[in-house]
Amino acid sequence: MTMLQDPSVKYRPFPQIDLPNRQWPSQVITKAPRWLSTDLRDGNQALIDPMGAEKKNRFFDLLVKVGLKEIEVGFPSAGATEFDFINGLVKNDRIPEDVLVQVLTQSREDLITRSFESLEGVHGAIVHLYNAVSPLWRNVVFGMEKHEIKAIATSGVKILRDQAAKYPGTKWQFEYSPETFSTAELDFSIEVCEAVMEILQPTPENPIILNLPATVEAATPNIYADQIEYFCRNLPNRESAVISLHTHNDRGTGVAAAELGLMAGADRVEGCLFGNGERTGNCCLVTVAMNMYTQGVNPELDFSDIDDVIQTVEYCNQLKVAERHPYGGELVFTAFSGSHQDAIKKGFAAQEKRNDQIWAVPYLPIDPADLGRDYEAVIRVNSQSGKGGFAWVIEQDQGLKLPKRMQANFSKHVQELADELGRELQAADIWDVFRTTYRIDDPQHFQLIDWEEAKAADGTRVFAGKIGVDGKEQSVSGRGNGLISSVAATLAESFGVSLDVRDYAEHSMGQHTDARAAAYVECVTPDGRVVWGVGIDEDVATASVRAVLSAANTVRAG
419 MTMLQDPSVK YRPFPQIDLP NRQWPSQVIT KAPRWLSTDL RDGNQALIDP
469 MGAEKKNRFF DLLVKVGLKE IEVGFPSAGA TEFDFINGLV KNDRIPEDVL
519 VQVLTQSRED LITRSFESLE GVHGAIVHLY NAVSPLWRNV VFGMEKHEIK
569 AIATSGVKIL RDQAAKYPGT KWQFEYSPET FSTAELDFSI EVCEAVMEIL
619 QPTPENPIIL NLPATVEAAT PNIYADQIEY FCRNLPNRES AVISLHTHND
669 RGTGVAAAEL GLMAGADRVE GCLFGNGERT GNCCLVTVAM NMYTQGVNPE
719 LDFSDIDDVI QTVEYCNQLK VAERHPYGGE LVFTAFSGSH QDAIKKGFAA
769 QEKRNDQIWA VPYLPIDPAD LGRDYEAVIR VNSQSGKGGF AWVIEQDQGL
819 KLPKRMQANF SKHVQELADE LGRELQAADI WDVFRTTYRI DDPQHFQLID
869 WEEAKAADGT RVFAGKIGVD GKEQSVSGRG NGLISSVAAT LAESFGVSLD
919 VRDYAEHSMG QHTDARAAAY VECVTPDGRV VWGVGIDEDV ATASVRAVLS
969 AANTVRAG
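The sequence shown begins at 419 in the working numbering and counts up one residue at a time.
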């Protein structure tokens, strides 16, 4: 089979929601929602190799560390591994007082009873009951009418209520999900939830959590937002309910649906770190949280060491976080394009000069340092990169801030190497070609052994020193208007190397008193050839001498 020329014969567009005067498009997210991690819901997260106790405990510790206060720890009636893990958290006193664990159960008495048994002795917990309510599930999966589906929900929450009464030492909260909410009739979902609330009698002080899942994402996120706003508008006793979102990513817009759902009046977001989950995954909590962060809203989750978070998630899930995953991917802060690199490099330079803390760097919506990343990987070099790219790498790796015209001079050497290797250039590759190009520490050419400078009676400067040439030491001297010109005169008189110094630059390679200095000279030979030299030394004057010798080495090498 091939794709249909007219897909409308097989697929129907999702219907619009009749919602006059919708308010969510003009709303703004100004505070963090309640968060719930469902990472430990093993079966529904569709791991190829389910987590054992060691991985579950390690993941639980990570979720606590990043600041999650509500953690769905599993499906205790699913099997011994799930039950023992959950029960072990309670018995071993591993649940912080400010953290609520949540367990998931279908609406069956034996499963509900088993769920409460797993939590015996816990200080507080959420028991989450669900059943599917949409027409497709009613007709195809269950073969039931609406009243039968509603009865499943109400009978289940009665058991929840009665079981909770058997454990008075625990502060219980209840969550109900009209599963497949996003493809169900809105008024029927409200009817079922209203019936559930009548049994559990929630109050504003002790509300019920009503979770409204996009079990299978079937429409654009604006339609999901319409559904959430409609539900919030029409739910009786709305003030006694926490509206929770559980979006999936079948259409690739799970994060957008969650964000618009919050704008539409929801209070809580369920999802996984980096969006793991069945099929295309759940809402990515990291992305939603960091999206808020970049808008100046504290998400109340801490991803200051995002690489440590990734390492744990990848170990426990045995699934890799994609290189392009928002905020966490290995390449999300990396530019290879020359124009992008130039803009980023200029952005960092401007950022250093600013008098406020506002972040404004092209192509970087967030400061990588806020996530524990350094700046070394922000710009990486391959054959598509420009001079700004390798200049950034040299500066980050070696502390050298090359003058702009020197960058242009060096770029052709970097480009030749990139074309030759056909791969990304590492910092070591660029440094090696830099050292070769400018004859740094090359024993086959001029080497500075010792030198001193004196002022002549006529005000000129006299350079006197010892220079090694092809392994032989030679005493030399020369006179000029300053140090650099006297070194150039020495080279011309002693070795026949004529250099007209056109430009000179220097800078410190650090901020401490023992920082080294770098010096750069742009020179022109008698035949009009432009050559550059670079010198590095603890003493800036010596660095200047080395820079002139570096240029002379380039001339001598031909």
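Where a beta carbon is used, it is the ideal one built from N, C-alpha and C, also for glycine.
**OP:** From the DSSP output, in three-state form, read off serine 893 for me.
**Re:** On the sequence shown, residue 893 is found 475 positions in, with the first residue counted as 1. Serine 893 falls in the strand class under three-state DSSP.
**OP:** Assuming leucine 454 contacts glutamate 490 (C-beta within less than 8 Å), just tell me the rounded distance between them.
**Re:** Walking along the sequence shown from the start, residue 454 turns up at place 36. Walking along the sequence shown from the start, residue 490 turns up at place 72. Correct: roughly 6 Å between the Cβ atoms.
Original post:
Where does phenylalanine 592 land, buried or exposed, given buried means 16+ other C-beta within 10 angstroms?
Top reply: The sequence position of residue 592 within the sequence shown is 174, counting from 1. Its Cβ being crowded by 16 or more others within 10 Å, phenylalanine 592 is buried.
**OP:** Using the Cα positions of methionine 927 and leucine 835, report the straight-line distance between them to the nearest angstrom.
**Re:** The residue labelled residue 927 in the question sits at position 509 within the sequence shown. The residue labelled residue 835 in the question sits at position 417 within the sequence shown. Straight across, the Cα-Cα distance linking methionine 927 with leucine 835 is about 26 Å.
**OP:** Just confirm the distance between the C-beta atoms of valine 364 and leucine 691, as a whole number of angstroms; I'd bet it's less than 8 Å.
**Re:** Any answer about residue 364 is impossible in this case: the structure gives the chain only from 419 up to 976.
**OP:** Tell me where the alpha helix (DSSP H) around aspartate 479 begins and ends.
**Re:** Mapped onto the sequence shown, residue 479 falls at position 61. Element bounds for aspartate 479: 471 to 484.
Original post:
Roughly how many whole angstroms lie between the Cα atoms of lysine 771 and tryptophan 777?
Top reply: As a first step, residue 771 must be located in the sequence shown, where it is residue number 353. As a first step, residue 777 must be located in the sequence shown, where it is residue number 359. Taking the straight line joining both Cα atoms gives about 12 Å.
**OP:** Please name the residue or residues paired with glutamate 870 in a DSSP beta bridge.
**Re:** The residue given as residue 870 occupies position 452 in the sequence shown. Paired residues: Ala882.
Subject >> For alanine 637, the nearest candidate out of Arg974, Asn549, Glu911 and Ala674 (CA to CA) >> reply: As a working note, residue 637 is residue 219 in the sequence shown. The shortest C-alpha separation from alanine 637 is found at Ala674.
**OP:** May I ask you to list the residues that DSSP assigns as paired with proline 596?
**Re:** By 1-based counting over the sequence shown, the position of residue 596 is 178. Paired residue(s): Asn549.
Original post:
What first and last residue would you give for the alpha helix (DSSP H) that runs through glutamine 648?
Top reply: Taking the sequence shown and counting its residues from 1, the one referred to as residue 648 is at position 230. The sequence given here has tyrosine at residue 648, not glutamine. Element bounds for tyrosine 648: 639 to 652.
Subject >> Residue interval of the beta strand (DSSP E) (run including cysteine 941) >> reply: Within the sequence shown, the letter at position 523 stands for residue 941. Unbroken beta strand (DSSP E) run through cysteine 941: 935 to 942.
Subject >> Unbroken beta strand (DSSP E) run spanning glutamate 490, endpoints >> reply: In the sequence shown, residue 490 corresponds to position 72, counting from 1. Following the DSSP letters along the chain, one finds glutamate 490 inside the beta strand (DSSP E) bounded by residues 488 to 492.
**OP:** Please list, in chain order, all residues of the same chain as aspartate 847 whose beta carbon is under 7 Å from its beta carbon, the five residues on each side excluded.
**Re:** For the purposes of this step, residue 847 is taken as the residue at position 429 of the sequence shown. Closer than 7 Å at the Cβ level, and outside the excluded window around aspartate 847, lie Leu835.
Original post:
Can you check whether the CB of glutamate 871 is closer than 8 Å to the CB of leucine 901?
Top reply: Here the question's residue 901 lines up with position 483 in the sequence shown. Here the question's residue 871 lines up with position 453 in the sequence shown. Yes, Cβ-Cβ distance for leucine 901 and glutamate 871 is below 8 Å.
Original post:
If you follow the alpha helix (DSSP H) that histidine 541 is part of, which residue opens it and which one closes it?
Top reply: Translated into positions along the sequence shown, residue 541 becomes position 123. Annotation for histidine 541: no alpha helix (DSSP H) segment contains it, and DSSP assigns it neither H nor E.
Original post:
Should isoleucine 867 be labelled buried (16 or more other beta-carbon atoms within 10 Å of its own) or exposed?
Top reply: Here residue 867 refers to the residue found at position 449 when the sequence shown is read from its first residue. Isoleucine 867 comes out exposed.
Subject >> Reference lysine 564; option with closest CA among Ala613, Glu688 and Ala795 >> reply: Here the question's residue 564 lines up with position 146 in the sequence shown. Of the residues Ala613, Glu688 and Ala795, the one whose Cα lies closest to the Cα of lysine 564 is Ala613.
Subject >> Cβ neighbours of leucine 820 in the same chain (closer than 6 Å, five flanking residues each side left out) >> reply: On the sequence shown, position 402 is the one that residue 820 refers to. Within the same chain, and ignoring the five residues on either side of leucine 820 in sequence, the residues whose Cβ sits closer than 6 Å to its Cβ are Ala809.
Original post:
Shortest alpha-carbon distance to glycine 714 belongs to which of Gly756, Pro783 and Tyr733?
Top reply: Within the sequence shown, the letter at position 296 stands for residue 714. The residue with the shortest Cα to Cα distance from glycine 714 is Pro783.
Original post:
Just checking, does the segment 877 to 897 make contact with the segment 939 to 956 on the three C-beta pairs under 8 Å criterion?
Top reply: No, the segment 877 to 897 is not in contact with the segment 939 to 956.
Original post:
Ordered along the chain, which non-local residues of its own chain (more than five positions away) have a Cβ less than 6 Å from that of alanine 405?
Top reply: Residue 405 falls outside the range modelled here, since the chain spans only 419 to 976, and no answer is possible.
Subject >> Validate contact between the segment 851 to 859 and the segment 822 to 838 using beta carbons, cut 8 Å, 3 pairs >> reply: Touching, per the Cβ criterion.
**OP:** Can you check DSSP and say which residues form a bridge with threonine 523?
**Re:** The residue given as residue 523 occupies position 105 in the sequence shown. By DSSP's assignment, threonine 523 forms a beta bridge with Leu547.
Subject >> Beta-carbon proximity check, leucine 735 vs glycine 693, cutoff 8 Å >> reply: Stepping through the sequence shown from its first residue, residue 735 is reached at position 317. Stepping through the sequence shown from its first residue, residue 693 is reached at position 275. With the sequence shown as reference, residue 735 is identified as asparagine, and leucine is not the correct amino acid for it. It is not a contact, given that the beta carbons lie outside the stated cut-off.
**OP:** Give the C-beta separation of serine 600 and tyrosine 642 to the nearest angstrom, bearing in mind that I take them to be a contact with Cβ-Cβ under 8 Å.
**Re:** What you label residue 600 is simply residue 182 of the sequence shown in a count that begins at 1. What you label residue 642 is simply residue 224 of the sequence shown in a count that begins at 1. Confirmed, about 6 Å.
Original post:
Around the Cβ of serine 662, are there at least 16 other Cβ atoms within 10 angstroms (buried) or fewer (exposed)?
Top reply: Looking up residue 662 in the sequence shown gives position 244. Buried: at least 16 other Cβ atoms inside 10 Å.
Original post:
Beta-carbon separation of isoleucine 567 and arginine 556 under 8 Å?
Top reply: Within the sequence shown, numbered from 1, the residue matching residue 567 stands at position 149. Within the sequence shown, numbered from 1, the residue matching residue 556 stands at position 138. Arginine 556 is positioned such that its CB atom lies closer than 8 Å to that of isoleucine 567.
Original post:
When you compare each of Ser968, Glu657, Thr448 and Arg669 to alanine 632 by their alpha carbons, which one comes out closest?
Top reply: Counted from its first residue, the sequence shown places residue 632 at position 214. It is Arg669.
**OP:** Label phenylalanine 649 either buried or exposed according to how many other C-beta atoms from any shown protein chain fall within 10 Å of its C-beta, with 16 as the threshold for buried.
**Re:** On the sequence shown, position 231 is the one that residue 649 refers to. Classification of phenylalanine 649: buried, given that the 10 Å Cβ count is 16 or more.
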